[in-house]
Amino acid sequence: MLHRGRESTDGTGDGELTVPMAWLYAEYIADELLRSGDLMPPTSFEFRAGRDALALTVFLSDADGELSGIRVVTQLETWLSLTAYDQPWQEWVQGRLRDLSADAAAAGRDVPDPDLELAREAWRWLRETELLAPDLNAVPGGGAVTGEDEGPKVWTPAWQLGLPLGHLAIHLF
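Plus 16 on top of the position in the sequence shown (first one is 1) and you've got the working numbering.
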């Protein structure tokens with residue numbers, strides 16, 4: 017079951033509607049990983065941040081431009097290493113998006129790649145959206161906190177919440 021995101025649904029590529037199968041499949045994989053971990057309600061912004069961060073990781077790590085259902089399990093270690101705390105994920109995403117755009121331009125494609133457009137949109141949302149989250153850098157001993165929602169909070173870019181959530185979901189899978 018290979019999905020090629022750079023052709024129309026019938027493979028002709030003759031100007032018909034192009035379905036972004038590679039992005040949709042990456043998003044599906046990310047959604048399933050997060051749902052199986054049961055870490056956040058699927059209707060929350062945190063869940064969306066995790067899904068988009070994971071979908072970007074899945075989509076951009078697929079160097080051949082095709083995702084195989086059978087290879088998903090073999091890719092888990094790659095995705096874990098890309099989403100690890102000490103990795104420059106943000107720079108990697110920007111570099112991969114830049115490389116894919118350059119490849120499309122070099123190939124002389126007149127029509128924008130819908131997979132790449134959806135990936136860019138997800139990245140824009142993750143960068144520009146801020147979510148209120150617990151301040152993990154708060155000084156300990158600053159007072160008694162009785163519940164998890166009562167501690168200090170800080171506005172955080174969505175990708176900074178989504179990335180560790182996605183990483184944990186991969187671990188739990």
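Note that CB positions come from ideal geometry on N, CA and C, so glycine has one too.
Return helix, strand or coil for residue i, following the three-state DSSP convention.
i           : result
residue 118 : helix
residue 55  : coil
residue 100 : coil
residue 94  : helix
residue 172 : strand
residue 192 : The chain is shown from 17 up to 189; residue 192 falls before or after that span and cannot be answered.
residue 34  : coil
residue 178 : helix
residue 125 : coil
residue 60  : coil
residue 75  : helix
residue 167 : coil
Does the Cβ-Cβ distance between residue i and residue j come in under 8 Å?
i           : j           : result
residue 46  : residue 74  : yes
residue 138 : residue 71  : yes
residue 34  : residue 150 : no
residue 95  : residue 117 : no
residue 97  : residue 188 : no
Pop quiz: residue i and residue j are said to be a contact at Cβ under 8 Å. What is the actual Cβ separation, rounded to whole angstroms?
i           : j           : result
residue 99  : residue 186 : 7 Å
residue 147 : residue 65  : 7 Å
residue 92  : residue 184 : Actually they are not in contact, since the Cβ atoms of residue 92 and residue 184 sit about 13 Å apart, beyond 8 Å.
residue 36  : residue 134 : 5 Å
residue 16  : residue 69  : For residue 16 there is no data in the structure shown, the boundaries of the chain being 17 and 189.
residue 50  : residue 61  : Contact flag wrong, Cβ pair sits at about 13 Å.
Using only CA atoms, which one of the options lies nearest to residue i?
i           : options               : result
residue 141 : 50, 189 and 178       : 178
residue 112 : 41, 102 and 132       : 132
residue 176 : 128, 102, 124 and 127 : 102
residue 180 : 42, 40 and 104        : 104
residue 144 : 127, 109 and 172      : 172
residue 88  : 115, 124, 43 and 136  : 43
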